[in-house]
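Below: the structure, in structure tokens.
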Amino acid sequence: MQAHLEREGVALEAILCTHKHWDHSGGNKALKRKYKSCRVYGSAYDDIPELTHALADREQLSVGRLQFQAFFTPGHTVGHMIYVLDGKSGDGPDCLFSGDLLFLAGCGRMFEGSAETMLASLDTAASLNDNTLLWPGHEYAADNLKFAAEVEPENNVRDRKYQWVLHRRLEKNSTCPSTIGEEKEYNPFLRTHCKDLHRALGLEQGQNEEWNHFRARVLEEVRKRKDLFKER
Numbered sequence: 024m025q026a027h028l029e030r031e032g033v034a035l036e037a038i039l040c041t042h043k044h045w046d047h048s049g050g051n052k053a054l055k056r057k058y059k060s061c062r063v064y065g066s067a068y069d070d071i072p073e074l075t076h077a078l079a080d081r082e083q084l085s086v087g088r089l090q091f092q093a094f095f096t097p098g099h100t101v102g103h104m105i106y107v108l109d110g111k112s113g114d115g116p117d118c119l120f121s122g123d124l125l126f127l128a129g130c131g132r133m134f135e136g137s138a139e140t141m142l143a144s145l146d147t148a149a150s151l152n153d154n155t156l157l158w159p160g161h162e163y164a165a166d167n168l169k170f171a172a173e174v175e176p177e178n179n180v181r182d183r184k185y186q187w188v189l190h191r192r193l194e195k196n197s198t199c200p201s202t203i204g205e206e207k208e209y210n211p212f213l214r215t216h217c218k219d220l221h222r223a224l225g226l227e228q229g230q231n232e233e234w235n236h237f238r239a240r241v242l243e244e245v246r247k248r249k250d251l252f253k254e255r
């Protein structure tokens with residue numbers, strides 16, 4: 024980051040921090056020491072290093088001419104936030120910077136929240152415009168899509184995406200971004216409403232079970248299987 028800033032000859036004005044984990048906030052202190060006027064945005068509920076501006080859910084902020092909106096999305100951590108760039112302010116598409124909430128074909132682990140909490144946060148991301156570009160905090164696409172084939176084996180959209188991802192990785196290129204619309208087609212963590220996924224998991228909604236309670240059970244089962252899949 025520092026080398027890039029120096030190469031471009033620009034000063035750092037703001038850091039939009041999604042959550043407290045070291046791989047997302049570990050450089051805050053050094054950057055703040057170098058750029059003393061730099062603003063550090065994030066949630067007051069996470070212990071974010073050098074936080075200067077605590078944000079509320081759906082609060083708007085500006086960095087230069089760029090306009091962002093922050094959304095409170097707990098589950099991975101108790102204070103996780105995502106940021107949506109208004110594309111019109113940057114002469115481009117809307118962009119979601121999702122941290123560890125949402126990955127290409129995956130989602131973060133539920134370290135500090137229930138399945139119900141994580142479901143609500145994922146629903147927040149899924150409610151964005153389908154054309155919104157997804158910029159996740161990690162590149163896990165190939166592994167995530169390989170797992171998705173196990174829980175929804177007859178998803179042709181996912182099959183095509185997986186082959187594209189393999190080709191991109193073979194050429195040492197990034198697979199990001201995808202779009203929210205794409206993710207709804209193959210990301211099992213955004214498909215808790217889909218009957219094909221329910222059947223594949225062997226889950227049925229209870230007679231008197233609320234719909235979102237059932238969806239949270241589906242999410243919890245998918246997450247459990249993904250955690251075991253990673254350990255093989």
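Under my numbering, read the sequence shown as residues 24 to 255, first letter to last. The beta carbon of each residue, even a glycine, is placed where N, CA and C say it ideally should be. If you're wondering where the values come from, they're calculated on a predicted model, not measured in any experiment.
What's the gap between the Cα of residue 127 and the Cα of residue 120? One C-alpha to the other measures close to 12 angstroms.
Selected residue, minimal CA-CA separation from residue 152, among 185, 205 and 130: For the residues 185, 205 and 130, the minimum Cα distance to residue 152 belongs to 205.
For residue 61, which residues of its own chain have a beta-carbon under 6 angstroms away from its beta-carbon, when the five flanking residues on both sides are left out? Excluding residues within five positions, the ones whose Cβ falls inside 6 angstroms are 35 and 55.
Taking 7 angstroms as the threshold (C-beta atoms), are residue 211 and residue 245 in contact? Cβ atoms of residue 245 and residue 211: closer than 7 angstroms.
Between which residues of its own chain and residue 178 is the CB-CB distance below 8 angstroms, once the five residues before and five after are set aside? Correct list, in chain order: 171, 172, 208, 209 and 219.
Backbone CA spacing between residue 132 and residue 163 [nearest angstrom]: Cα-Cα distance, rounded: 13 angstroms.
Pairs of beta-carbons, one from the region 66-73 and one from the region 36-50, closer than 8 angstroms: are there three or more? Three or more Cβ pairs drawn from the region 66-73 and the region 36-50 lie within less than 8 angstroms of each other, which places the two stretches in contact.
Start-to-end residues for the alpha helix (DSSP H) that takes in residue 185: Element bounds for residue 185: 179-193.
Does DSSP classify residue 163 as helix, strand or coil? The three-state reading of DSSP puts residue 163 in coil, since its state is none of H, G, I, E or B.
Excluding sequence positions up to five away, which residues of its chain have a Cβ less than 6 angstroms from the Cβ of residue 106? Hits under 6 angstroms: 39, 91, 93 and 120.
Round the Cβ separation of residue 109 and residue 154 to the nearest angstrom and send it over; I've been treating them as touching at under 8 angstroms. About 13 angstroms; that fails the 8 angstroms criterion.
Which two residues bound the contiguous alpha helix (DSSP H) that contains residue 56? Per DSSP, residue 56 belongs to the alpha helix (DSSP H) from 51-57.
Say whether the region 227-235 touches the region 184-200, bearing in mind that this needs 3 or more beta-carbon pairs closer than 8 angstroms, one atom from each stretch. The answer is no - the region 184-200 does not touch the region 227-235, with fewer than three Cβ pairs under 8 angstroms.
Between which two residues does the alpha helix (DSSP H) containing residue 38 stretch? Bounds of any alpha helix (DSSP H) do not take in residue 38; it lies within the beta strand (DSSP E) bounded by 37-39.
Every unbroken alpha helix (DSSP H) within the region 195-252, with a cutoff of 4 residues, ordered by chain: If we require 4 residues or more, the alpha helix (DSSP H) runs fully inside the region 195-252 come out as 203-209 and 218-224.
Residue 237: which of 221, 176 and 24 sits nearest, CA to CA? Ranking 221, 176 and 24 by Cα distance to residue 237 puts 221 first.
Going by Cα to Cα distance, which pick from 252, 96 and 24 is closest to residue 65? Of the candidates 252, 96 and 24, the residue whose Cα lies closest to the Cα of residue 65 is 96.
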